[in-house]
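Colleague: Note that the numbering used here numbers the sequence shown so that position 141 is 240, with each residue one more than the last. For glycine and all other residues, C-beta sits at the position ideal for the given N, C-alpha and C. My questions all concern the structure below.
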Amino acid sequence: MKQFHLHLVSDATGETINSVARACVAQFDQVQPIEHFWNLVRTTRQLEMVIEGIKDNPGLVMFTLVDEKLRRRLQETCRELQVPCIPVLDPLINALAAYLGLESQSQPGRQHMLDAEYFGRMDAMDFALAHDDGQSTWDLHEADVILMGVSRTSKTPTCIYLANRGIKAANVPFVPGCPLPPELSQVTRPLIVGLTKDPDRLIQIRRNRLRLLNQGEDTDYVDPEVVRQEVAEARRLYSRHGWAVIDVSRRSIEETAAEIMMLLARRQTGSPAARAALESEKP
100 MKQFHLHLVS DATGETINSV ARACVAQFDQ VQPIEHFWNL VRTTRQLEMV
150 IEGIKDNPGL VMFTLVDEKL RRRLQETCRE LQVPCIPVLD PLINALAAYL
200 GLESQSQPGR QHMLDAEYFG RMDAMDFALA HDDGQSTWDL HEADVILMGV
250 SRTSKTPTCI YLANRGIKAA NVPFVPGCPL PPELSQVTRP LIVGLTKDPD
300 RLIQIRRNRL RLLNQGEDTD YVDPEVVRQE VAEARRLYSR HGWAVIDVSR
350 RSIEETAAEI MMLLARRQTG SPAARAALES EKP
């Protein structure tokens, strides 16, 4: 395993630089970055602290600073230390500026401004928390997306992820023998998606959950035959209602959410091609 120091320098929250760096590092096997995370770097004094850290642990530097004075100081220092210094947003910003014929504002944290989009995300987050695990079904019609699924199919974290994208998501658990909330059959606006998972993988996850809770495994919750029947019954339910189905067995939460957002976008366009594409996703 090859280790190296990786300095991530941002003048805002650092979410962008962190995501870009991890996406890039993931493309290499047998490497392990030692991350040094420097966020909200907006003054010369703060930058000097970063520079001291780079001197102590020389390594690759990636940054998203927009202040020209700070950028120049960081780049000059990296040249003296003979370490790579990469302005990860420059190619995109320059391309946009050339295409639009405009200059960028060079203002840190503009993507985190308290605008209508921000408050929309907060509203979606409140909605997801209030409608988790079948709660508050009386206003399910206000959701953008409703997720159905048996226990441990990542319904809650997927809803939270969607909420962070401004999508109002609720989730309703499928429990054999328990009736679904009547409001579910009355909604017309929300996209309803059924989540499913390989039974063997589901059993493994449920067993780990029971161990964390210090509970025994002598229960139908992890009985292989019962779990297989539970998953099969859920899929039959999705099929009867014509709901889109996503198998989350080998998907990350981000991948599942991306698939849901794609289905939602197709549905909202209302075009014949989009409807046909959505129909093809159904079982």
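Report all residues from its chain with a CB closer than 8 Å to the CB of VAL79; omit the five preceding and five following residues, and keep chain order.
Modeller: Outside the shown range of the chain (100 to 382) lies residue 79, about which nothing can therefore be said.
Colleague: Judging by CA-CA distance, which residue of ARG327, GLU151, THR143 is the nearest neighbour of ASP303?
Modeller: With the sequence shown as reference, residue 303 is identified as Gln, and Asp is not the correct amino acid for it. Per the Cα distances, ARG327.
Colleague: Is CYS177 helix, strand or coil when you go by DSSP?
Modeller: helix
Colleague: Taking C-alpha atoms, which residue in GLY315, GLY293, LEU311 lies nearest to GLU358?
Modeller: GLY293
Colleague: Kindly identify the DSSP beta-bridge partner or partners of ILE185.
Modeller: DSSP lists MET161 as the bridge partner or partners of ILE185.
Colleague: LEU139 to LEU283, Cα distance in whole Å?
Modeller: 45 Å
Colleague: Using CA coordinates, which residue listed in ASP238, ASP110, ARG306 is at the minimum distance from PRO280?
Modeller: ASP238
Colleague: Between the beta-carbon of THR163 and the beta-carbon of SER203, is there less than 7 Å?
Modeller: no
Colleague: Excluding the five sequence neighbours on either side, which residues of its own chain have a C-beta within less than 6 Å of the C-beta of ARG170, listed in chain order?
Modeller: Same-chain partners within the cutoff: LEU164.
Colleague: Which stretch, first to last residue, makes up the beta strand (DSSP E) that contains ASP346?
Modeller: 343-346
Colleague: Under the rule that 16 or more other beta-carbon atoms within 10 Å means buried, what is ASN270, buried or exposed?
Modeller: ASN270 should be labelled buried.
Colleague: Just the Cα atoms here: how many angstroms apart are ARG366 and CYS177?
Modeller: 49 Å
Colleague: Excluding sequence positions up to five away, which residues of its chain have a Cβ less than 7 Å from the Cβ of ALA196?
Modeller: GLU202, SER203
Colleague: Of all the options CYS123, GLN126, ALA268, LEU188, which has the alpha carbon lying nearest to the alpha carbon of MET224?
Modeller: ALA268
Colleague: For ALA92, which beta-bridge partners are listed by DSSP?
Modeller: With the chain represented from 100 up to 382, any question about residue 92 goes unanswered, as that position is not in the structure.
Colleague: Tell me which same chain residues have a C-beta within less than 7 Å of the C-beta of LEU191, skipping the five on either side of it?
Modeller: none
Colleague: With a cut-off of 8 Å on the beta carbons, I'd call PRO272 and SER253 a contact; round off their distance for me.
Modeller: Incorrect: roughly 12 Å between the Cβ atoms, too far for contact.
Colleague: Using three-state DSSP, classify ALA373 as helix, strand or coil.
Modeller: Confidence in ALA373 is poor, its pLDDT being 45 and thus under 50, which makes the residue's placement unreliable; the coordinate value appears in the next sentence. Reduced to three states, the DSSP call for ALA373 is helix.
Colleague: Of all the options ASN263, TYR260, ARG349, which has the alpha carbon lying nearest to the alpha carbon of ASP51?
Modeller: Residue 51 falls outside the range modelled here, since the chain spans only 100 to 382, and no answer is possible.
Colleague: Once DSSP output is grouped into helix, strand and coil, what is the label at GLY276?
Modeller: coil
Colleague: Where do the N-terminal and C-terminal ends of the alpha helix (DSSP H) with PRO289 fall, by residue?
Modeller: Here PRO289 belongs to no alpha helix (DSSP H), and DSSP marks it neither H nor E.
Colleague: What distance in whole Å lies between the Cβ atoms of GLU134 and LEU105, which are believed to be in contact at a cut-off of 8 Å?
Modeller: Contact between LEU105 and GLU134 holds, since their C-beta atoms are separated by about 5 Å, short of 8 Å.
Colleague: Exposed or buried, MET221, counting other C-beta atoms within 10 Å across all chains shown (16 or more means buried)?
Modeller: exposed
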